[in-house]
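*Asks:* Protein chains in written order, with the numbering used here: chain A, 48 to 654; chain B, 8 to 244.
Each residue gets a CB set at the ideal place from its N, CA and C atoms; glycine is no exception.
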């Protein structure tokens with residue numbers, strides 16, 4: 048590069064960084080947003096950019112580098128001008144995503160995970176991007192592409208080789224369908240924006256909270272904690288200086304889940320109105336929607352809805368003319384970290400840090416975002432609040448079961464005729480869901496994503512409910528042709544990839560577990576490995592800092608219980624066996640000595 | 008009459024705000040720890056201080072003591088778990104005690120002896136972690152890092168220099184320094200910084216002092232870590 052070109056490049060870099068800093072007011076709590084913005088302009092974050100950002104924000108450069116390194120979608124090294132990331136969730140894997148990825152790599156003459164020599168393109172895998180109902184799917188420079196097949200892959204390789212900018216790619220590549228298959232109280236709801244809010248303002252925050260309590264609304268993110276109780280804790284916690292905070296957790300990262308995508312696409316007013324109602328109930332003035340990086344394509348749409356709501360006085364100062372009811376919502380993007388779905392990790396990320404779960408207590412309801420009382424609620428939970436506010440808690444409590452009121456959105460994917468979003472009242476059985484989605488010859492169902500449970504046919508009578516089979520909404524269907532070992536292995540690899548690495552058991556244990564299953568996959572398994580897996584699981588379950596590590600061994604333990612044959616098939620033999628193939632290890636010695644006779648082999652494993 | 012909780016059936020007095028670990032240590036009961044340091048807030052990452060309260064396993068360093076609480080520590084189940092966690096730390100990094108300058112002064116090694124972890128349990132990862140010898144006085148050997156973040160916290164909260172941080176995540180997590188070059192020699196760290204003297208293992212070493220004290224005459228050669236840790240507590244009273 049000539050000296051002039053180099054100087055120009057540096058100037059461009061500095062300008063891009065300064066624009067990102069200015070856009071976010073040089074606020075160090077917005078570090079993650081600044082890094083995302085700078086990378087949008089620069090394709091990656093060169094060392095000079097990191098140094099400049101750290102200096103401008105008054106942060107240690109090491110801390111900024113640590114944040115860059117934490118998030119999968121931030122790059123401290125160049126990843127090419129085009130970056131294609133194939134979703135590697137198990138459903139899409141079974142639909143042929145790995146073969147499509149290989150095809151694209153071959154067409155582009157590159158290896159997965161490596162940048163082409165001309166710096167043009169790289170191809171890699173990423174965790175589930177929430178398109179399990181219309182995969183195989185991928186992110187190209189952060190934008191979602193669905194319905195991949197060989198034809199589309201070939202077209203993409205041409206577009207990249209011709210260096211066509213993403214804006215000029217065929218629109219249909221980026222189409223994302225809602226695929227709503229069954230509607231109930233939420234998906235049938237036609238409340239006009241502001242209608243529920245008007246009623247709530249009339250009765251006041253305390254009465255609204257009472258309605259939510261009567262409704263017995265429980266968190267839809269999986270844990271099922273009482274929403275009213277969470278709000279009460281938050282409302283009663285003393286708000287120091289900054290006031291209370293409402294956070295909508297739209298970091299829908301559980302593999303196989305995509306119902307929040309549909310709510311954010313077609314029911315964004317419900318979600319934002321739910322947040323505003325939450326603010327009224329707890330006395331919050333600040334709101335965040337934490338949008339997973341994979342859903343970046345939804346950001347402009349969501350910003351437009353917010354803009355409209357501000358114009359309609361449903362957000363801002365003096366909402367609906369009520370004095371003192373001030374509340375607004377900011378959209379924060381994630382950058383590829385499943386752990387940020389955990390509420391305290393999400394708050395760390397909102398503060399611009401590595402998404403490491405905090406020590407609890409104190410809980411976010413008393414000490415959350417910047418130490419302020421914070422209520423973190425799931426997208427679906429919040430979307431239901433306007434309906435409760437409009438139709439009353441008693442009406443809502445009649446739906447579903449006694450302990451699990453209302454309806455649940457299920458993200459159904461895998462081997463069925465009609466994958467998509469199904470809204471059922473709580474208490475629906477797995478068999479009923481399978482019937483509705485047209486699943487045949489079902490061998491297993493993964494309920495609740497990787498962290499959930501793997502159910503066999505004898506358990507299909509179980510009910511979707513907090514008191515029976517709880518789920519955040521993922522339901523993956525596997526028919527008789529599928530290998531249930533591959534399912535468990537996919538999830539274990541997912542956890543190893545997504546472990547934040549804070550605590551010893553999860554950081555090391557998930558990697559050990561992954562290696563154990565890889566060994567089985569290679570056909571080198573022995574019963575000792577199954578003992579090892581159970582021991583790892585015990586340590587993971589009992590000592591991990593958060594739910595990720597605690598759940599990491601579930602898929603394998605369920606697999607042992609329900610699909611043992613898939614594991615036994617992979618045993619080298621039933622006797623104990625060392626971790627490597629002894630005979631194969633002697634191959635080089637045989638080559639060096641020029642011997643290949645019988646006594647140069649282990650007798651029991653002559654190949 | 009002060010408040011008490013029970014540790015392995017023995018009453019332990021505590022003051023409000025004290026953790027189970029801190030109160031136990033003050034009362035002369037050792038609970039193993041690697042990332043805990045009395046002058047810093049609890050970190051809770053190494054999990055060596057795991058104790059059982061009812062059916063739950065918790066970090067003693069991050070659990071506030073309260074009246075009537077019953078914690079179990081020296082029971083086979085918990086001792087097994089601690090050995091397992093230690094074995095994970097040994098498998099994760101490159102720990103070759105016989106050739107390590109910190110041998111005998113190393114808390115990881117001392118804890119392994121104390122808990123009688125005598126052989127590796129897992130396949131080792133053998134990560135590729137180059138050393139950083141760029142600084143005139145301090146050597147960084149990342150091979151031995153156990154991610155306790157003591158240096159990170161000391162440099163940030165005591166030295167006010169923010170020299171260290173962690174980058175990446177999961178099993179790829181690693182220590183970085185604040186210079187754009189990535190080299191310690193390009194930072195303002197000094198030998199007298201707490202961060203340069205707090206490493207419980209052999210990552211942050213002072214140059215030109217190798218083997219000044221022969222192996223056999225070092226801290227944990229004289230007495231096990233469980234005794235010396237309590238003696239430290241006694242000395243600080």
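Using Cβ-Cβ distances below 9 Å, what residues of the region 331 to 347 of chain A are close to chain B?
*Replies:* none
*Asks:* Could you tell me which residues DSSP pairs with residue 66 (chain B) in its beta bridges?
*Replies:* The residue given as residue 66 (chain B) occupies position 59 in the second chain. Answer is B:57, bridged to residue 66 (chain B).
*Asks:* Could you please tell me which residues of the region 78 to 103 of chain B, in chain order, have their CB closer than 8 Å to any CB of chain A?
*Replies:* 88, 91, 92, 95, 96, 98 and 99
*Asks:* With DSSP run on the structure shown, which of helix, strand or coil describes residue 654 (chain A)?
*Replies:* Residue mapping note: residue 654 (chain A) aligns to position 607 of the first chain, counting from 1. At residue 654 (chain A) the pLDDT is 37, less than 50, meaning the model places this residue with poor confidence; the figure from the coordinates comes in the next sentence. In the structure shown, residue 654 (chain A) sits in coil (DSSP, three-state: anything other than H, G, I, E or B).
*Asks:* DSSP state of residue 13 (chain A), grouped into three classes?
*Replies:* This structure cannot settle anything about residue 13 (chain A), because the visible part of chain A is limited to 48 through 654.
*Asks:* Could you spell out the range, first to last residue, of the beta strand (DSSP E) harbouring residue 332 (chain A)?
*Replies:* Along the first chain, one-based indexing puts residue 332 (chain A) at 285. Counting along the chain, the beta strand (DSSP E) containing residue 332 (chain A) begins and ends at 331 to 338.
*Asks:* Locate the beta strand (DSSP E) running through residue 493 (chain A), then write down its first and last residues.
*Replies:* Your numbering for residue 493 (chain A) matches position 446 in the first chain. Residue 493 (chain A) -> beta strand (DSSP E) spans 489 to 494.
*Asks:* For chain B, find out if any of its Cβ atoms is closer than 9 Å to the Cβ of residue 414 (chain A); answer yes or no.
*Replies:* Mapped onto the first chain, residue 414 (chain A) falls at position 367. No, its Cβ sits nowhere closer than 9 Å to a Cβ of chain B.
*Asks:* Which residues in chain A have a C-beta closer than 9 Å to the C-beta of residue 49 (chain B)? List them in chain order.
*Replies:* On the second chain, position 42 is the one that residue 49 (chain B) refers to. Going along chain A in sequence order, the residues near residue 49 (chain B) (Cβ under 9 Å) are 406.
*Asks:* Specify the secondary structure class of residue 460 (chain A) as computed by DSSP and reduced to three states.
*Replies:* Locating residue 460 (chain A) in the first chain gives position 413, counting from the first residue. Correct three-state label for residue 460 (chain A): strand.
*Asks:* 9 Å is my cut-off, CB to CB: does residue 150 (chain B) come that close to chain A?
*Replies:* Residue mapping note: residue 150 (chain B) aligns to position 143 of the second chain, counting from 1. No, residue 150 (chain B) does not count as interfacial toward chain A.
*Asks:* For residue 194 (chain B), does the three-state DSSP call read helix, strand or coil?
*Replies:* On the second chain, residue 194 (chain B) is found 187 positions in, with the first residue counted as 1. Coil at residue 194 (chain B), not helix or strand.
*Asks:* If I measure Cβ to Cβ from residue 541 (chain A) and keep anything under 7 Å in the same chain, skipping five residues before and after, which residues do I get?
*Replies:* Position 494 of the first chain, counted from the start, is the residue given in the question as residue 541 (chain A). These residues qualify, in order along the chain: 174, 302 and 497.
*Asks:* Who are the neighbours of residue 592 (chain A) on chain B, taking C-beta pairs under 9 Å?
*Replies:* For the purposes of this step, residue 592 (chain A) is taken as the residue at position 545 of the first chain. The answer, in chain order, is 51, 52, 54 and 66.
*Asks:* Relative to the alpha-carbon of residue 109 (chain B), which residue among B:239, B:219, B:238 and B:236 has its alpha-carbon at the smallest distance?
*Replies:* What you label residue 109 (chain B) is simply residue 102 of the second chain in a count that begins at 1. Ranking B:239, B:219, B:238 and B:236 by Cα distance to residue 109 (chain B) puts B:219 first.
*Asks:* Residue 141 (chain A) by DSSP, collapsed to three states: which one?
*Replies:* Position 94 of the first chain, counting from 1, holds the residue named residue 141 (chain A). Correct three-state label for residue 141 (chain A): helix.
*Asks:* Output yes if chain A places a C-beta closer than 9 Å to the C-beta of residue 177 (chain B); else output no.
*Replies:* Here the question's residue 177 (chain B) lines up with position 170 in the second chain. Taking 9 Å as the threshold, the shortest C-beta distance from residue 177 (chain B) to chain A falls below it.
*Asks:* Could you spell out the range, first to last residue, of the alpha helix (DSSP H) harbouring residue 542 (chain A)?
*Replies:* Against the first chain, residue 542 (chain A) aligns to sequence position 495. That run of the alpha helix (DSSP H) goes 531 to 545.
*Asks:* Given this structure, state the Cα-to-Cα distance separating residue 101 (chain B) from residue 210 (chain B), to the nearest angstrom.
*Replies:* Stepping through the second chain from its first residue, residue 101 (chain B) is reached at position 94. Stepping through the second chain from its first residue, residue 210 (chain B) is reached at position 203. Straight-line Cα distance between these residues: approximately 11 Å.
*Asks:* Out of curiosity, what's the CA-to-CA distance linking residue 18 (chain B) and residue 87 (chain B)?
*Replies:* Residue 18 (chain B) sits at position 11 when you count from the first residue of the second chain. Residue 87 (chain B) sits at position 80 when you count from the first residue of the second chain. Computed Cα separation, rounded: 24 Å.
*Asks:* Which first and last residues belong to the beta strand (DSSP E) in which residue 10 (chain B) is found?
*Replies:* On the second chain, position 3 is the one that residue 10 (chain B) refers to. First-last of the beta strand (DSSP E) with residue 10 (chain B): 10 to 14.
*Asks:* Between A:562, A:424 and A:86, which lies nearest to residue 577 (chain A) when the distance is taken from Cα to Cα?
*Replies:* In the first chain, the residue the question calls residue 577 (chain A) occupies position 530. It is A:562 whose Cα lies nearest to the Cα of residue 577 (chain A).
*Asks:* Return the chain-ordered list of same chain residues with a C-beta closer than 8 Å to the C-beta of residue 152 (chain B), the five sequence neighbours on each side being excluded.
*Replies:* Indexing the second chain from 1 puts residue 152 (chain B) at position 145. Within the same chain, residue 152 (chain B) has close Cβ partners 100, 136, 181, 182, 208 and 210.
*Asks:* Which parts of the region 362 to 413 of chain A are runs of the beta strand (DSSP E), unbroken and 3 residues or longer, counting only runs that do not cross its ends?
*Replies:* 375 to 380
*Asks:* Is the Cβ-Cβ distance between residue 297 (chain A) and residue 342 (chain A) less than 9 Å?
*Replies:* Along the first chain, one-based indexing puts residue 297 (chain A) at 250. Along the first chain, one-based indexing puts residue 342 (chain A) at 295. Yes, Cβ-Cβ distance for residue 297 (chain A) and residue 342 (chain A) is below 9 Å.
*Asks:* Based on Cα-Cα distance, which residue from A:321, A:502 and A:510 lies nearest to residue 535 (chain A)?
*Replies:* As a first step, residue 535 (chain A) must be located in the first chain, where it is residue number 488. Ranking A:321, A:502 and A:510 by Cα distance to residue 535 (chain A) puts A:502 first.
*Asks:* If you drop the 5 nearest sequence neighbours on each side, which residues of the same chain put their C-beta closer than 7 Å to that of residue 107 (chain A)?
*Replies:* By 1-based counting over the first chain, the position of residue 107 (chain A) is 60. Answer for residue 107 (chain A): 101, listed in chain order.
*Asks:* On the DSSP letters alone, give me the boundaries of the alpha helix (DSSP H) that residue 283 (chain A) sits inside.
*Replies:* If you number the first chain from 1, residue 283 (chain A) lands on position 236. Residues 274 to 283.
*Asks:* Counting only the same chain and skipping the five closest in sequence on each side, list residues whose C-beta sits under 7 Å from that of residue 616 (chain A).
*Replies:* Locating residue 616 (chain A) in the first chain gives position 569, where the first residue counts as 1. Within the same chain, no residue comes within 7 Å of residue 616 (chain A) by CB-CB distance, once the 5 residues on both sides are set aside.
*Asks:* Using a beta-carbon distance cut-off of less than 9 Å, what residues from the region 381 to 396 of chain A approach chain B?
*Replies:* For the region 381 to 396 of chain A, the beta-carbon criterion of a distance under 9 Å to any beta-carbon of chain B is satisfied by 384 and 386.
*Asks:* Give me the residue from A:346, A:185, A:170 and A:227 with the minimum Cα distance to residue 459 (chain A).
*Replies:* Within the first chain, numbered from 1, the residue matching residue 459 (chain A) stands at position 412. Residue A:227 is the option with its Cα nearest to residue 459 (chain A).
*Asks:* What residues of chain B sit near residue 584 (chain A), judged by a beta carbon separation below 7 Å?
*Replies:* As a first step, residue 584 (chain A) must be located in the first chain, where it is residue number 537. For residue 584 (chain A), none of the residues of chain B pass the 7 Å Cβ criterion, the least Cβ distance being about 11 Å.
*Asks:* Inspect the CB distances between the region 280 to 289 of chain A and the region 336 to 351 of chain A and report whether three or more fall short of 8 Å.
*Replies:* no
*Asks:* Grouping DSSP H, G and I as helix and E and B as strand, with all else coil, what is residue 615 (chain A)?
*Replies:* The count along the first chain starts at 1 and reaches residue 615 (chain A) at position 568. In the structure shown, residue 615 (chain A) adopts helical secondary structure according to DSSP, grouped into three states.
*Asks:* Chain B beta carbons: is any one of them nearer than 9 Å to that of residue 549 (chain A)?
*Replies:* For the purposes of this step, residue 549 (chain A) is taken as residue 502 along the first chain, with counting starting at 1. So, interface residue.
*Asks:* I need the straight-line Cα distance from residue 411 (chain A) to residue 421 (chain A), nearest angstrom please.
*Replies:* Against the first chain, residue 411 (chain A) aligns to sequence position 364. Against the first chain, residue 421 (chain A) aligns to sequence position 374. Rounded to the nearest angstrom, the two C-alpha atoms are 5 Å apart.
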